[in-house]
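Everything below concerns the one structure shown next.
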Amino acid sequence: MTAISVVIPIYNESGNIQSLYERLTSVIKRITADYELLFVNDGSRDDSLQLIKELAGKDSAVGYIDFSRNFGHQIAVTAGLDHCKGDAVVIIDADLQDPPELIAALYQKMNEGFEVVYARRKDRKGESWMKRTTAKYFYRILASITSINIPLDTGDFRIMHRNIVNILKQMPEQQKFLRGQISWVGFNQTFIEYDRDVRNSGETGYTYKKMIRFALDGITSFSTLPLKFASALGFFVSVAAFIISLYVLYSKFILSNVVPGWASLMLVVLFLGGVQLICIGIIGEYISRISANVRNRPLYVIKEIRV
Ligand code: UDP
Ligand code: MG
0 MTAISVVIPI YNESGNIQSL YERLTSVIKR ITADYELLFV NDGSRDDSLQ LIKELAGKDS
60 AVGYIDFSRN FGHQIAVTAG LDHCKGDAVV IIDADLQDPP ELIAALYQKM NEGFEVVYAR
120 RKDRKGESWM KRTTAKYFYR ILASITSINI PLDTGDFRIM HRNIVNILKQ MPEQQKFLRG
180 QISWVGFNQT FIEYDRDVRN SGETGYTYKK MIRFALDGIT SFSTLPLKFA SALGFFVSVA
240 AFIISLYVLY SKFILSNVVP GWASLMLVVL FLGGVQLICI GIIGEYISRI SANVRNRPLY
300 VIKEIRV
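Using numbering that gives the first Met the number 0, read the sequence shown as starting at 0 and increasing by one per residue.
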């Protein structure tokens, strides 16, 4: 029996692992002696794995999963959820942007009768204007186009009851957008607020490319509005095209004043071509995800595990 598991995705965090370990241990020891710290090494290129193995050698509460390559943050967390044993499971970033000390409050709140307690960011220190602004608007747009209630200004830092984790393990989709999946599960969910610190050491593993992919996963996993938008746009353009073609016929046969209209022809062709490409692109986003799920590949490959 394990009371609390802490799942920690690791991608090039060698400068943070020691102080993270110390802060986590001192907080959780005050709650229970029965806990595990499960590090998931997501293909780090630095000596993170070495540091984790040293901790595991000294402390039996430390376990680790080592991926064969970088699979991404959400998948690393998923692997941790798949293999942890705790009755309560905490997800936390390794860079100390999520203060470990908050776990005590999260745990206490959970015991008041909540299945999920997430930590909501009041302030985001030290993150670029670009990152704060894109994140802010992304979550607001997502909230307005999805049917489920994904909390605003919230990362994956949270505590969950074992029941929630068991349900997440039954959700086999390939595009993991955990904060959306957890909201989808339901039960009693609440939050506490905190100030997000600056990254302790190292640099963000979330490149803009990864952020865009993550945002697209969130939208396509929880909203079909873009598909509906594509159909609506297609319909609107077809109606407009029909009206314009009536005018073209009118000009040709009644007014008889047509001159070789290269410019207008090009405009119409370009416009229609553009709209068609947008729609095909939107549909393609979904099809690519359908095909990923049909393939049914395992989500990750573990090189070594000790839990
Ligand atoms: N991370 C990961 N795989 C990745 C990128 C990040 O496991 O491909 C981990 C990283 O080590 C950290 C957490 O995910 O524990 C959050 O990443 P990061 O701090 O780089 O993201 P940011 O806070 O800048 O959004
Ligand atoms: Mg961070």
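From the three backbone atoms N, C-alpha and C, an ideal C-beta is built for every residue, glycine too.
Beta-bridge analysis with DSSP links D194 to D122. The way I'd put it, the region 69-85 doesn't touch the region 134-145; fewer than three beta-carbon pairs between them come closer than 8 Å. The beta carbons of L37 and S67 sit about 18 Å from each other, so the pair does not count as a contact at 8 Å. V6 has its alpha-carbon roughly 11 Å from the corresponding atom of H72.
The residue among I253, S287 and F190 with its C-alpha nearest the C-alpha of R157 is F190. Residue W183 holds the alpha-carbon nearest to the alpha-carbon of I149 among W183, L298, I91 and R120. Annotation note: the region 20-77 contains the following uninterrupted beta strand (DSSP E) runs of length 3 or greater, listed N- to C-terminal: 34-40 and 61-66. Taking the Cα positions, R123 is about 59 Å away from P259. Across the set S290, Q188, Y285 and E21, the C-alpha of E21 shows the shortest separation from the C-alpha of L50. Counting only the Cα atoms, W128 lies some 22 Å from A93. K84 is a Cβ neighbour of T1, given a cutoff of 7 Å.
DSSP assignment within the region 150-185 yields the following whole beta strand (DSSP E) runs of 3 residues or more, N-terminal first: 153-160.
The three-state reading of DSSP puts V267 in helix, counting H, G and I together. In this structure M159 is in contact with V88, their Cβ atoms being roughly 5 Å apart against a cut-off of 8 Å. When secondary structure is reduced to three states using DSSP, V274 falls in the helix class.
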